[in-house]
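Student:
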Amino acid sequence: MIFIPLPCQRETMADTSSAQPVFRFAPSPNGLLHLGHALSAMLNHDMAQAASGRFLLRIEDIDRTRCRPEFETAIFDDLAWLGLEWEQPARRQSDHLDLYASALKRLDDMGLVYPSVMSRGEIKAAVAEAETKGRTWPRDPDGAPLYPGSERDLGHDARNAILAADKPHAWRLDMQRAALAAAATPLTWQETGHGPEGETGLIAADPAAWGDVILSRSDAPSSYHLSVVVDDALQGITHVVRGRDLYHATSVHRLLQRLLDLPEPVYHHHRLLLGADGRKLSKSNRDTGIQAFRQAGRTPADIRALIL
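Numbered per this note's numbering, the sequence shown spans residues 2 to 309.
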């Protein structure tokens with residue numbers, strides 16, 4: 002395999018004015034960790050140590066259909082084998098669903114979210130119909146078509162009818178209204194790593210590129226976007242170190258932080274590790290798993306030499 006580096010008690014918001022830096026590694030227990038996870042975990046751990054800071058572990062287990070206890074146990078085992086130490090206990094998102102619900106309610110009270118019922122199939126059909134008529138449909142930075150916003154301007158009665166019908170639905174951020182609500186000063190973030198095109202320094206955020214993102218679904222109490230900003234604030238995270246595949250998503254996170262009056266971390270997006278097929282590593286690629294390397298007799302030093 003060839004790897005190519007590419008350029009519940011009530012909580013209160015943590016005080017991030019402290020001089021001590023706080024880093025975190027936040028995997029989802031929906032599969033075994035691979036070398037890309039090892040890179041991110043080691044960078045966070047090493048940067049925390051170099052800055053005399055704290056290193057936290059967060060288990061992002063909101064998706065109960067895919068997350069499994071055995072994968073969570075494997076995360077602990079793999080990180081310990083790599084020689085990483087984190088503050089105990091690790092935070093589990095599933096223990097704090099009320100906090101994400103509170104954040105969503107606050108956005109709802111501000112008139113910035115709406116319920117949407119279009120399925121993926123319906124969205125795909127709407128996009129296909131528009132494109133057959135010669136219209137270029139806007140897509141987000143990951144290449145997915147933006148939501149049509151069919152329910153964005155529903156009246157009070159129509160909205161209540163959706164909720165009363167108990168149909169599967171998602172809560173989406175009204176991006177246009179949200180951007181206006183956050184427009185008092187330019188929305189930026191401080192980048193100490195590099196974006197896909199080498200971007201670094203003060204970066205101008207562009208959340209509108211994502212359209213009306215999902216913040217919650219009837220089968221998942223919070224989206225990644227919403228839970229990550231709430232958790233980072235509650236844990237006092239000062240430095241978010243993560244893969245470059247999440248670089249553009251930072252625009253959405255900065256918008257939510259502005260809307261919810263949450264502190265702004267420093268961001269550092271690191272290179273991705275790719276497999277021989279040129280794609281970023283996936284949990285489905287078992288031959289790149291940390292556990293597989295361990296079982297093959299490799300050492301933590303071998304892993305460091307391979308990826309750092």
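No residue lacks a Cβ here, since even glycine has one placed at the ideal position from N, Cα and C.
Predicted, not measured: the structure shown is a model, and the values here were computed from it.
1. Can you check DSSP and say which residues form a bridge with Arg243?
2. Just confirm the distance between the C-beta atoms of Ala182 and Leu260, as a whole number of angstroms; I'd bet it's less than 8 Å.
3. Cutting at 7 Å between CB atoms, please list the residues of its own chain near Asn45, excluding the five before and the five after it.
4. Pro139 by DSSP, collapsed to three states: which one?
5. Between which residues of its own chain and Ile3 is the CB-CB distance below 8 Å, once the five residues before and five after are set aside?
6. With contact counted as at least three CB pairs below 8 Å, one residue from each stretch, are the region 231-239 and the region 49-69 in contact?
7. Please state the DSSP three-state secondary structure of Leu100.
8. Do Tyr148 and Gly212 have their C-beta atoms closer together than 7 Å?
9. Apart from the five residues just before and just after Trp82, which ones in its own chain have a Cβ nearer than 7 Å to its Cβ?
10. Note down the Cα distance separating Lys106 from Trp190, rounded to an integer number of angstroms.
11. Grab the span of the beta strand (DSSP E) containing Ile204 for me, first residue to last.
12. Starting from Glu152, follow its DSSP beta bridges and name the residues at the other end.
13. At which residues does the beta strand (DSSP E) containing Ile60 begin and terminate?
14. For Ile124, name the three-state secondary structure that DSSP assigns.
15. Beta-carbon within less than 6 Å of Gly279's beta-carbon, same chain only, minus the 5 sequence neighbours each way: which residues are those?
16. Can you give the Cα-Cα distance for Ala205 and His254, rounded to whole angstroms?
17. On the CB-based measure, 16 or more other CB atoms within 10 Å of its CB, does Ser18 come out buried or exposed?
18. Are His38 and Pro28 close, meaning C-beta to C-beta below 7 Å?
19. When DSSP labels each residue in this structure, what does Lys106 get in the three-state scheme?
20. Looking at C-alpha atoms only, which residue of Glu88, Pro90 and Pro30 is the closest neighbour of Glu71?
21. Does DSSP put Asp303 in a helix, a strand or coil?
22. Would you give the residue range spanned by the alpha helix (DSSP H) that Arg259 belongs to?
23. With a 10 Å radius around its C-beta and 16 neighbouring C-beta atoms as the bar for buried, classify Asp232 as buried or exposed.
Tutor: Reading from the atomic positions:
1. Stepping through the sequence shown from its first residue, residue 243 is reached at position 242. The secondary-structure analysis by DSSP pairs Arg243 across a beta bridge with His270.
2. One-based indexing of the sequence shown puts residue 182 at position 181. One-based indexing of the sequence shown puts residue 260 at position 259. Between Leu260 and Ala182 the Cβ distance is about 6 Å, and since that is below 8 Å, they are a contact.
3. As a working mapping, residue 45 is identified with position 44 in the sequence shown. Hits under 7 Å: Phe24, Arg25, Phe26, Phe56 and Val242.
4. Translated into positions along the sequence shown, residue 139 becomes position 138. Coil, per DSSP.
5. Here residue 3 is taken as the residue at index 2 of the sequence shown, counted from 1. Per-residue confidence for Ile3 stands at a pLDDT of 32, beneath the threshold of 50, marking its modelled position as unreliable; no derived number is given.
6. As far as the Cβ criterion goes, the region 231-239 touches the region 49-69, which means the pair count is three or higher.
7. Locating residue 100 in the sequence shown gives position 99, where the first residue counts as 1. Reduced to three states, the DSSP call for Leu100 is helix.
8. Residue numbering aside, residue 148 sits at position 147 when the sequence shown is read from its first letter. Residue numbering aside, residue 212 sits at position 211 when the sequence shown is read from its first letter. Going by C-beta atoms, Tyr148 is nearer than 7 Å to Gly212.
9. Start at 1 with the first residue of the sequence shown, and residue 82 comes out as number 81. Excluding five sequence positions before and after Trp82, the CB atoms of its chain that fall closer than 7 Å to its own CB belong to Arg295 and Pro301, given in chain order.
10. Counted from its first residue, the sequence shown places residue 106 at position 105. Counted from its first residue, the sequence shown places residue 190 at position 189. Approximately 26 Å, taken between the alpha carbons.
11. In the sequence shown, residue 204 corresponds to position 203, counting from 1. Ile204 -> beta strand (DSSP E) spans Gly202 to Ala205.
12. Taking the sequence shown and counting its residues from 1, the one referred to as residue 152 is at position 151. Answer is none; Glu152 lacks a bridge partner.
13. Residue numbering aside, residue 60 sits at position 59 when the sequence shown is read from its first letter. Arg55 to Ile60 is the extent of the beta strand (DSSP E) around Ile60.
14. Residue 124 sits at position 123 when you count from the first residue of the sequence shown. Helix, per DSSP.
15. As a first step, residue 279 is located in the sequence shown; it is residue number 278 there, counting from the start. Closer than 6 Å at Cβ, skipping near neighbours: no residue.
16. Residue numbering aside, residue 205 sits at position 204 when the sequence shown is read from its first letter. Residue numbering aside, residue 254 sits at position 253 when the sequence shown is read from its first letter. Spanning the two alpha carbons is a distance of roughly 13 Å.
17. Position 17 of the sequence shown holds residue 18. Note on Ser18: pLDDT 47, under 50, position unreliable in the model; the coordinate value appears next. The residue in question, Ser18, is exposed, as its Cβ has fewer than 16 Cβ neighbours within 10 Å.
18. Taking the sequence shown and counting its residues from 1, one reaches residue 38 at position 37. Taking the sequence shown and counting its residues from 1, one reaches residue 28 at position 27. Yes. Within cutoff.
19. The sequence position of residue 106 within the sequence shown is 105, counting from 1. In the structure shown, Lys106 sits in a helix (DSSP, three-state: H, G or I).
20. Translated into the one-based positions of the sequence shown, residue 71 becomes position 70. The option with the nearest alpha carbon to Glu71 is Pro30.
21. Start at 1 with the first residue of the sequence shown, and residue 303 comes out as number 302. DSSP places Asp303 in helix when its eight states are reduced to three.
22. Translated into the one-based positions of the sequence shown, residue 259 becomes position 258. Secondary structure note for Arg259: its alpha helix (DSSP H) is the uninterrupted segment Thr251 to Leu260.
23. On the sequence shown, residue 232 is found 231 positions in, with the first residue counted as 1. Buried.
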